[in-house]
Structure formats: structure tokens, C-alpha cells
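*Asks:* Numbered according to UniProt numbering, the sequence shown spans residues 1 to 381.
This is the structure, below, for whatever I ask next.
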Amino acid sequence: MDNLERETTLSEENQLSIADMLKIGKEYFFEVIKYSWLIVIFAIFFGKYMRDRKLSTPTTYTANFSFTVNKLATENQQNIASLFGSSAKPEANVSFKRLQEILITRKINLRVLFHKITLKDEETPEEDFLINHYLKNFYYKRGADDPQAKDDFYFESDSIDPYNRKANYLLMYVHNLIVRNHLILESTSGGIMHLKVVSTSEDFSYELITALYQELDRYYSEEALEQKKRFYEMAEERMKQLRGKLSAAEERYIEYVNTHSAEAQGRNNTLIETQFLSTDLKQATQSYFAAVANKEAAWVSFESQKQTPSMSVIDPPLYPLSKAVPNPFLHMLVGIVVGGGLAFLLIVGRKFIRDFMKKQKEKEAAEVVKVEPAKKESETV
Numbered sequence: 001m002d003n004l005e006r007e008t009t010l011s012e013e014n015q016l017s018i019a020d021m022l023k024i025g026k027e028y029f030f031e032v033i034k035y036s037w038l039i040v041i042f043a044i045f046f047g048k049y050m051r052d053r054k055l056s057t058p059t060t061y062t063a064n065f066s067f068t069v070n071k072l073a074t075e076n077q078q079n080i081a082s083l084f085g086s087s088a089k090p091e092a093n094v095s096f097k098r099l100q101e102i103l104i105t106r107k108i109n110l111r112v113l114f115h116k117i118t119l120k121d122e123e124t125p126e127e128d129f130l131i132n133h134y135l136k137n138f139y140y141k142r143g144a145d146d147p148q149a150k151d152d153f154y155f156e157s158d159s160i161d162p163y164n165r166k167a168n169y170l171l172m173y174v175h176n177l178i179v180r181n182h183l184i185l186e187s188t189s190g191g192i193m194h195l196k197v198v199s200t201s202e203d204f205s206y207e208l209i210t211a212l213y214q215e216l217d218r219y220y221s222e223e224a225l226e227q228k229k230r231f232y233e234m235a236e237e238r239m240k241q242l243r244g245k246l247s248a249a250e251e252r253y254i255e256y257v258n259t260h261s262a263e264a265q266g267r268n269n270t271l272i273e274t275q276f277l278s279t280d281l282k283q284a285t286q287s288y289f290a291a292v293a294n295k296e297a298a299w300v301s302f303e304s305q306k307q308t309p310s311m312s313v314i315d316p317p318l319y320p321l322s323k324a325v326p327n328p329f330l331h332m333l334v335g336i337v338v339g340g341g342l343a344f345l346l347i348v349g350r351k352f353i354r355d356f357m358k359k360q361k362e363k364e365a366a367e368v369v370k371v372e373p374a375k376k377e378s379e380t381v
């Protein structure tokens with residue numbers, strides 16, 4: 001009997017709780033309907049904001065350039081380096097991190113900024129430094145013939161006065177903007193480099209990425225040539241030194257044999273000295289011809305580097321470039337959902353807090369009612 005009564009009581013409590021939940025849900029529903037105008041206002045406001053924000057975003061053009069750094073630019077140096085006592089092994093290829101750091105250096109970017117290019121999408125296309133095109137299209141945003149352009153600064157030559165504060169400021173400003181906003185370098189597991197340039201001008205993206213690749217290729221070619229030239233010069237100098245040692249060993253050996261062979265033939269000291277000078281001459285001869293071989297290897301490596309590019313193009317940029325067009329309608333829908341959802345949360349949250357505070361007050365009032373009769377009984381006693 002007790003179990004049956006307990007189950008009956010639990011079922012009644014569950015029915016009451018479901019009824020309460022339905023009542024609460026009904027109250028929240030009518031609360032949302034009551035303030036539906038607020039949801040509409042928020043949805044319209046956020047939808048318009050997101051749409052206008054996307055309308056103000058210009059179309060961007062991305063130029064892609066895929067290339068590899070040839071191994072010939074840094075290989076074939078270990079044998080030559082070992083001649084001079086160096087045990088360090090040269091890198092087989094250029095690391096992605098190093099290339100990434102070189103790409104954002106001022107040395108590379110300043111060379112790029114003073115490339116002469118022509119942007120066909122300008123009103124009056126003319127050949128000028130890349131930095132001047134950038135200043136006109138992205139910094140001043142007006143042509144040189146504009147009346148307000150009288151104080152605008154443009155570069156007339158690639159030689160900059162180090163004390164010209166205006167020129168140096170613009171150079172660093174444009175350099176930082178290009179590195180931060182326009183350049184992307186990625187690498188694959190196979191060692192292929194993907195260089196990307198993003199801007200609001202199709203021609204500018206194309207010209208900038210082409211100039212960047214040319215300067216990177218020039219940098220690695222110069223670096224590899226300089227390194228191999230140094231090895232060649234060191235090998236040549238070492239060969240000259242060993243040639244001197246060989247000549248000295250030959251003279252000592254010939255002089256000693258001619259002087260002592262007839263006078264002291266068969267003596268132990270003469271035999272030992274002769275063997276020593278013979279061994280010294282043999283070692284000097286071997287070292288000299290090894291130096292000659294290393295010099296020839298250095299010369300071949302140096303000459304082959306002159307005729308072989310340090311970087312190889314895989315996929316050059318092609319017109320038309322990939323275009324990213326903003327979608328205002330999609331962003332308007334997102335704004336409507338976000339705005340309506342935010343208003344809904346505000347309405348439901350306000351209702352929840354208000355009901356919670358109401359229950360707290362009712363609970364406090366009930367406790368006060370219970371305490372007062374108890375006080376009266378204690379006073380009577």
C-alpha cells in the first residue's frame with residue numbers, strides 16, 4: 001500500500017510539473033509576441049549594418065605564383081669546404097622559414113618598390129615606380145593633377161637621401177603595409193612555395209607578385225654566386241700555397257740527394273733523411289694535385305651557377321586573377337538572424353530575471369508570515 005501511495009504521489013507531482021512548464025512556456029511565448037516589435041527593429045538594424053558594411057568592402061584580386069628553389073643554388077660545396085677544414089654541411093635546399101623572413105626584409109621590398117611598371121587599369125596609364133603607383137592608388141587616393149595633390153610626395157629616382165624624413169617615412173609605411181596586408185607565403189610538404197598577393201587592383205597584384213619573384217630570384221642568384229666565387233678564390237689560393245710547398249720540397253730533395261749520395265752512400269742517417277724528404281715530396285705532390293682538382297670543381301660549380309637560375313617557376317600568375325566579390329545579401333541575412341536572436345535573448349532574459357525576483361519576494365513574504373505567529377506564541381508563554 002505504501003509503495004502504491006508513493007507512486008500515486010510522484011505521478012501527481014510530475015503532472016503538476018508538466019502543467020507548470022506548459023504555463024511558463026505559454027507566458028514566455030506571449031512575452032515574445034508582446035515585444036516582437038523589438039525583434040523586428042534589431043533584425044532590421046543588424047541586417048542593414050551587415051549589408052552596408054559588406055557593400056563598403058571592395059572586390060579583391062589574388063595573384064598566385066608557385067615556384068621552387070633549385071638545389072644547385074646551395075649544393076656541391078661540401079668537398080670544397082672540407083679542403084679548408086670545415087665539417088659543416090650546406091643545406092640541400094632553402095627552408096620555408098628562411099624564405100619567409102627574406103621576403104619581408106626591407107632589402108627585397110625596397111628593390112621591388114622601385115620597379116618601373118605600368119598599370120593598365122588607371123585612367124591614364126604611364127610607366128612609373130611601383131611605390132608611386134601604390135601611393136597614388138592606395139595612400140593619397142588621387143592623381144598628381146588633382147588640386148589637392150600639391151603637397152603629395154612622389155619618388156623621382158631610386159636613390160634616396162638618408163636624411164629625407166618624408167621619403168623614409170613613406171618607404172617604411174608602404175613596406176609595412178605591403179608585408180602586413182598584401183603578402184601571403186605558403187609551402188607544401190614537397191617543397192613548393194606558393195606566393196600570393198592580394199589587393200583591390202588586378203594589375204597591381206600581378207605586377208607586385210612578378211616583381212617580388214624577380215627580386216627573390218636575383219637575391220638567391222647573387223647569394224649563390226658570391227658563395228661559389230669565394231670557394232673558387234679560396235681553392236685557387238690554396239693551390240698556389242701548395243704549389244709553393246711542392247716546389248720547396250722538390251728543391252730540398254734534389255739538393256740533399258745531389259750533395260750526400262756520393263759522399264755518404266749507405267750511411268743510416270743519409271738513408272733516413274732521404275726517405276723523409278721523399279715522403280715529404282710525395283705528400284706535397286698529392287696535396288697539390290688534390291688542390292688542383294678542388295679548384296676545377298669550384299670553377300665548374302661557379303660557372304654552372306651563372307647559367308642556371310636559382311629558382312624555377314611552376315605556375316606563374318595568369319589573367320584574369322581570382323576575384324573575391326563581397327555578397328551583401330548573404331551578410332544581410334546573417335545580420336537579421338544575429339539581430340533577431342539577440343533581441344529574443346534580451347526579451348527572454350528580462351522575463352526570466354523578473355520572474356526570479358518575483359519568486360524571491362514571495363518567498364521572503366511567506367517566511368515573514370511564518371515568523372510572526374511564532375513570535376506571538378513565545379510572547380504569550
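Idealized CB from N, CA, C, for every residue including glycine.
Could you name the residues that DSSP lists as bridge partners for MET193?
*Replies:* As a position in the sequence shown, residue 193 is number 193, starting the count at 1. Note: MET193 sits in a beta bridge opposite PHE67 and SER187.
*Asks:* Can you tell which of PRO58, SER205, GLU251 and GLU367 has the C-alpha that lies nearest to the C-alpha of LEU183?
*Replies:* In the sequence shown, counting from the first residue as 1, residue 183 sits at position 183. Minimum Cα distance to LEU183 is reached at SER205.
*Asks:* Relative to the alpha-carbon of LEU103, which residue among GLU31, LEU195 and TYR319 has its alpha-carbon at the smallest distance?
*Replies:* For the purposes of this step, residue 103 is taken as the residue at position 103 of the sequence shown. It is LEU195 whose Cα lies nearest to the Cα of LEU103.
*Asks:* Which residues does DSSP list as the beta-bridge partners of LYS323?
*Replies:* In the sequence shown, the residue the question calls residue 323 occupies position 323. Its beta-bridge partners are TYR61.
*Asks:* Which word fits PHE42, buried or exposed, when buried means at least 16 other C-beta atoms lie within 10 angstroms of its C-beta?
*Replies:* Indexing the sequence shown from 1 puts residue 42 at position 42. With 16 or more Cβ atoms within 10 Å of its Cβ, PHE42 is classed as buried.
*Asks:* So which of LYS26, THR59 and ALA63 has the shortest CA-CA distance to ASP315?
*Replies:* Stepping through the sequence shown from its first residue, residue 315 is reached at position 315. Checked all of LYS26, THR59 and ALA63; the closest Cα to ASP315 is ALA63.
*Asks:* Does the region 30-42 come close enough to the region 168-188 to have 3 or more Cβ pairs within less than 8 Å?
*Replies:* Touching, no.
*Asks:* If you draw a straight line from the C-alpha of TYR140 to the C-alpha of GLU202, how long is it?
*Replies:* By 1-based counting over the sequence shown, the position of residue 140 is 140. By 1-based counting over the sequence shown, the position of residue 202 is 202. About 19 Å.
*Asks:* For the alpha helix (DSSP H) that contains SER36, what are its first and last residues?
*Replies:* Within the sequence shown, numbered from 1, the residue matching residue 36 stands at position 36. Counting along the chain, the alpha helix (DSSP H) containing SER36 begins and ends at 36-55.
*Asks:* So does the region 99-119 actually touch the region 205-216, counting three or more Cβ pairs closer than 8 Å?
*Replies:* In short, these stretches touch, since the Cβ pair count reaches three.
*Asks:* By Cβ distance, which residues of its chain are closer than 7 Å to residue 416, with the 5 residues on each side in sequence left out?
*Replies:* No statement about residue 416 is possible, as the shown extent of the chain runs from 1 to 381 and does not include it.
*Asks:* Does the region 42-56 come close enough to the region 348-361 that 3 or more CB-CB pairs lie under 8 Å?
*Replies:* Judged by Cβ distances under 8 Å, the region 348-361 makes no contact with the region 42-56, as fewer than three pairs qualify.
*Asks:* What residues match up with SER199 in a beta bridge as DSSP calls it?
*Replies:* Position 199 of the sequence shown, counting from 1, holds the residue named residue 199. Per DSSP, TYR61.
*Asks:* Can the beta-carbon of SER66 be found less than 9 Å from the beta-carbon of MET234?
*Replies:* Along the sequence shown, read from residue 1 onward, the residue named residue 66 stands at position 66. Along the sequence shown, read from residue 1 onward, the residue named residue 234 stands at position 234. Contact: no.
*Asks:* On a Cα-Cα basis, can you pick out the residue from TYR163, THR200, THR105 and ALA167 that is closest to LEU119?
*Replies:* Against the sequence shown, residue 119 aligns to sequence position 119. Looking at the Cα atoms, THR200 is the closest of the given residues.
*Asks:* Could you pull the start and end residues of the alpha helix (DSSP H) that ILE102 belongs to?
*Replies:* By one-based count along the sequence shown, residue 102 stands at place 102. First-last of the alpha helix (DSSP H) with ILE102: 96-103.
*Asks:* Give me the residue from ALA211, PHE356, GLU186 and HIS175 with the minimum Cα distance to LYS97.
*Replies:* Counted from its first residue, the sequence shown places residue 97 at position 97. Taking only the C-alpha atoms, the option nearest LYS97 is GLU186.
*Asks:* By Cβ distance below 6 Å, which residues in the same chain neighbour ALA343 in space, the five residues on each side in sequence not counted?
*Replies:* Here the question's residue 343 lines up with position 343 in the sequence shown. Around ALA343: LEU38, ILE39 and PHE42.
*Asks:* Do you know how far the Cα of GLU31 is from the Cα of GLY341?
*Replies:* Translated into the one-based positions of the sequence shown, residue 341 becomes position 341. Translated into the one-based positions of the sequence shown, residue 31 becomes position 31. Distance between the alpha carbons of GLY341 and GLU31: 15 Å.
*Asks:* Where does the unbroken alpha helix (DSSP H) through LYS174 begin, and where does it stop?
*Replies:* Your numbering for residue 174 matches position 174 in the sequence shown. The amino acid occupying residue 174 in the given sequence is Val; Lys does not appear at that position. First-last of the alpha helix (DSSP H) with VAL174: 165-177.
*Asks:* Following the continuous alpha helix (DSSP H) through ILE108, name the residue where it begins and the one where it ends.
*Replies:* Numbered from its first residue, the sequence shown carries residue 108 at position 108. It spans 106-113 - the alpha helix (DSSP H) in which ILE108 sits, taken as one unbroken run.
*Asks:* Alpha carbon to alpha carbon, how far is GLU367 from GLN360?
*Replies:* Numbered from 1 along the sequence shown, position 367 holds the residue referred to as residue 367. Numbered from 1 along the sequence shown, position 360 holds the residue referred to as residue 360. GLU367 and GLN360: Cα-Cα distance of roughly 11 Å.
*Asks:* Below 8 Å on the Cβ atoms is my contact criterion, and I expect THR114 with ASP158 to pass it. Report the Cβ-Cβ distance as a whole number of Å.
*Replies:* For the purposes of this step, residue 114 is taken as the residue at position 114 of the sequence shown. For the purposes of this step, residue 158 is taken as the residue at position 158 of the sequence shown. Per the sequence shown, residue 114 should be read as Phe rather than Thr. Indeed they touch by this definition, with Cβ atoms about 4 Å apart.
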